[in-house]
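Enquirer:
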Amino acid sequence: MTDERTPTLHVIAGPNGAGKTTLYRNRLEKRYPDAEFVNADELALREFGHPAQTKSESARGQELAEERRRQLMAERKSLVTESTFSHPSKVDLVRDAKAAGYEVVLYHVNVRSPNLSVMRVADRVNKGGHPVPEDKIRQRYDRNQPLIREAAKLADRAYIFDNSQLGKPHELSVILERGKAIRASENVPAWARMLYKDELQNFSQSRQHRAAASFADAKAIAERALGQESRTFIPRPNSEYSGKVIGETDLHLVQQIGARSAIAHFRDKLGRPPRVGDDVEIRYGKDGAATLRSAREASEAKDRADAFRSLPAKQAVAKYPDLAPSYAYVRAVEARVAASQPASAAGVAKKVREDLAGRIERGETLPDIRRKDQDREQDQGR
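In our numbering, each residue carries its 1-based index in the sequence shown increased by 40.
#1: Is DSSP giving glycine 57 helix, strand or coil here?
#2: With C-beta atoms as the reference, is serine 339 less than 8 Å away from threonine 289?
#3: Would you identify the three-state DSSP class for phenylalanine 429, choosing helix, strand or coil?
#4: Quick one: is lysine 60 buried, meaning 16 or more other Cβ sit within 10 Å of its Cβ, or exposed?
#5: Please report the straight-line C-alpha distance between alanine 139 and serine 118, rounded to a whole angstrom.
#6: At 3 residues or longer, what runs of the beta strand (DSSP E) sit wholly inside the stretch 218-254?
#7: For isoleucine 400, which three-state DSSP category applies?
#8: Thinking just about the alpha-carbon of each residue, which of Leu85, Asn242 and Ala191 is nearest to the one in glutamate 97?
#9: Nearest to tryptophan 231 by alpha carbon, out of Gly101, Ser153 and Ser279?
#10: Starting from aspartate 202, trace the beta strand (DSSP E) in both directions and tell me its first and last residue.
#11: Rounded to whole angstroms, what's the CA-CA distance from arginine 109 to valine 78? Just pull it up for me.
#12: For a test of the three-state rule: what should DSSP assign to valine 172, helix, strand or coil?
#13: Which same chain residues, not among the five before or five after leucine 216, have their C-beta less than 6 Å away from its C-beta?
#14: Starting from the C-beta of serine 225, find all residues in its chain whose C-beta is less than 6 Å away, skip the five residues before and the five after it, and write them out in chain order.
#15: How would you label arginine 276, buried or exposed, when you count the other beta carbons within 10 angstroms and need 16 or more for buried?
#16: Mark threonine 48 as exposed unless 16 or more other C-beta atoms lie within 10 angstroms of its C-beta, in which case mark it buried.
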């Protein structure tokens, strides 16, 4: 995130031992490199030179985290923080951030029972981590769930993860958009079904008219992000769309393509869909099949295509060695035409070069000059 954009507060919430820091390391750290990670345990370790061992050391870590959060938010910088949500004041953190103009994304990480939470903390202590009294773990597990749900409903987006399976990645179960469930996995764990019962019930009812409901949600996302006058379209065959992904629904991915316009792509056509915030190019063929690449990949392909169009072969290949076969293909075509129609050779070569440049820019497969040479040799040998 940059300071020119709306700052984002990422809140990772869950009981002790649920895997909050692991979620940050695996899913958020590289994705949001400009968002500082404010972690009370790490701040306590930095302060004392060892994991917090006493109540006072833990309290000091919390104080340092609170001070750093306030400082970053006063500077309107994006940040990631985590909490067990053991006190209602943590919900106020979400309210205050939204009042200050922050986008808030909450990640609820949980395990199926307080017993498992106790076991995870014990394992962490055996590996040198900080301890937490068992009675505190159990109290927090029961107390924090409704507080986290309240915060999840206040957040702009909330991702509900189950981390009960040891040795497996966190499993995304439910996604909320402004308090409304927009996605749910086929196997939502029991704890999530109970805690988010109302949200999931409304989601289940909307699925009776799933496609229409999903598109209506996509349109609402675009209107919130781009204004009430914005328009949302469905993609057309043989078209391409570039822009940032601004939201997702049960079935659709919403991409901004103009100041007041968006496209609602069907997620299942995109293979592995991009994430909200990604800047991507999505291209549809004549048959409606979709291909996807990042804005960086599209820009690099355009640079290569422009070099192929305008630069001499030696200069372009020095910069982009993989263009050599394409230049060889153009030369081969020109030589073949020149053998029978010398006057037309240059014009044909120019058209072939432009066709190849377009294919390079679109990321399409290019002809293999070596295969064509082999085929021609076989024909001549017959």
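Every residue gets a Cβ at the ideal spot worked out from N, C-alpha and C, and that includes glycine.
Expert: Inspection of the coordinates gives the following:
#1: Glycine 57: coil per DSSP, three-state reduction.
#2: No; because the gap between Cβ atoms is not below 8 Å, this pair is not in contact.
#3: Summary: the structure shown does not reach residue 429, with the chain confined to residues 41 through 422, and so no result is reported for it.
#4: Buried.
#5: In a straight line, the C-alpha of alanine 139 is about 15 Å away from that of serine 118.
#6: Restricted to the stretch 218-254, the beta strand (DSSP E) segments that are unbroken, complete and at least 3 residues in length are 220-224, listed in chain order.
#7: In this structure, isoleucine 400 counts as helix in the three-state DSSP scheme.
#8: Of the listed residues, the one whose Cα sits closest to glutamate 97 is Leu85.
#9: It is Ser153 whose Cα lies nearest to the Cα of tryptophan 231.
#10: Counting along the chain, the beta strand (DSSP E) containing aspartate 202 begins and ends at 197-202.
#11: The alpha-carbon atoms of arginine 109 and valine 78 are separated by roughly 7 Å.
#12: The answer is coil: DSSP assigns valine 172 none of H, G, I, E or B.
#13: If the five residues before and after leucine 216 are omitted, its C-beta is found closer than 6 Å to the C-beta atoms of Ala192 and Ala198, all from its own chain and listed in chain order.
#14: Within the same chain, serine 225 has close Cβ partners Ser213.
#15: Exposed: under 16 other Cβ atoms inside 10 Å.
#16: When all chains shown are included, threonine 48 counts as buried.
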